[in-house]
Amino acid sequence: CDKKLLIGTTVSMILTIDLKRKDESAIQVVAVSHSRDASGLTTSPTGKNYFLTTSSDCTLKRWQISPPMLLQSAHLGIKSICVCLSPDENLAAVGHVRGRFTVWDLGHPDAFTRGREGPMPRCLLKNTYRSEDIADIKFSPNGRFLAVASREQTIDVYDVPYDFNRLGVCRGHSAAVLHVDFTVDSKFLRSSCAASEVLYWDIPGCSQRSRGRDLKD
Numbered sequence: 210c211d212k213k214l215l216i217g218t219t220v221s222m223i224l225t226i227d228l229k230r231k232d233e234s235a236i237q238v239v240a241v242s243h244s245r246d247a248s249g250l251t252t253s254p255t256g257k258n259y260f261l262t263t264s265s266d267c268t269l270k271r272w273q274i275s276p277p278m279l280l281q282s283a284h285l286g287i288k289s290i291c292v293c294l295s296p297d298e299n300l301a302a303v304g305h306v307r308g309r310f311t312v313w314d315l316g317h318p319d320a321f322t323r324g325r326e327g328p329m330p331r332c333l334l335k336n337t338y339r340s341e342d343i344a345d346i347k348f349s350p351n352g353r354f355l356a357v358a359s360r361e362q363t364i365d366v367y368d369v370p371y372d373f374n375r376l377g378v379c380r381g382h383s384a385a386v387l388h389v390d391f392t393v394d395s396k397f398l399r400s401s402c403a404a405s406e407v408l409y410w411d412i413p414g415c416s417q418r419s420r421g422r423d424l425k426d
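Read in order, the letters of the sequence shown are residues 210 to 426 in the working numbering.
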């Protein structure tokens, strides 16, 4: 008899415990996942071997792609919808229900090597300016700005180096804003909404561009 105990947990983990061993190696993780829908996902901006997910189970997780394994998990205390990474990969911004977003110091991905734990996630900012769900959140490619799209038909733009001071608000959509993304030079923002509108904005001024074709290369 192998004398191994198979355990399923309430946080969607499957473990085995070797009853013949007395040290930490007796516990092995067989499988782990989110316990509810995982609506947010972002990959490494530099193509490193990991990605982040967030879920309505209130957790943020870092996963290794190959071989697949969980590297890091943090309980955020509130249901999450979307997530993005800063260009230097040290910060993760998470959009939540009820207008909240948070910013977390996860530690640089190079700190996570096989057999060594990385630093514990640390919350740097909790913002409760809006009341409707945050649908999308993005850092600009230069790391200077953070765009936060809400179902209030607005996009708030924050100044990252200056303690995430709010620089302005992009207003003009006739329905909930669903997606945002920056141009490569971080000077303009594109957004789409539930009414199938695609709008363009000057950053950081937050003024609307009347013609998207003006931004062509």
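Cβ coordinates follow ideal geometry from the N, Cα and C atoms, glycine included.
- If you look at Met329, you'll find it isn't in any beta strand (DSSP E); DSSP assigns it neither H nor E.
- Selection Leu269, Val386, Ser295, Glu341 evaluated against Pro254 yields Ser295 as nearest (Cα-Cα).
- One alpha carbon belongs to Leu334, the other to Thr311, and they sit about 5 Å apart.
- Under DSSP, no beta-bridge partner is assigned to Thr392.
- It is roughly 31 Å from the alpha-carbon of Ser275 to the alpha-carbon of Arg353.
- Looking at Ile216, Lys231, Ala235, Leu279, the one whose alpha-carbon comes closest to that of Ser242 is Leu279.
- In the DSSP assignment, Gln273 falls within the beta strand (DSSP E) that extends over 268-273.
- Taking 8 Å as the cut-off, the beta carbon of Gln237 is found no closer than this to the beta carbon of Leu228.
- Around the beta-carbon of Arg339, 16 or more other beta-carbon atoms lie within 10 Å, marking it buried.
- One Cα belongs to Tyr371, the other to Leu355, and the distance between them is close to 11 Å.
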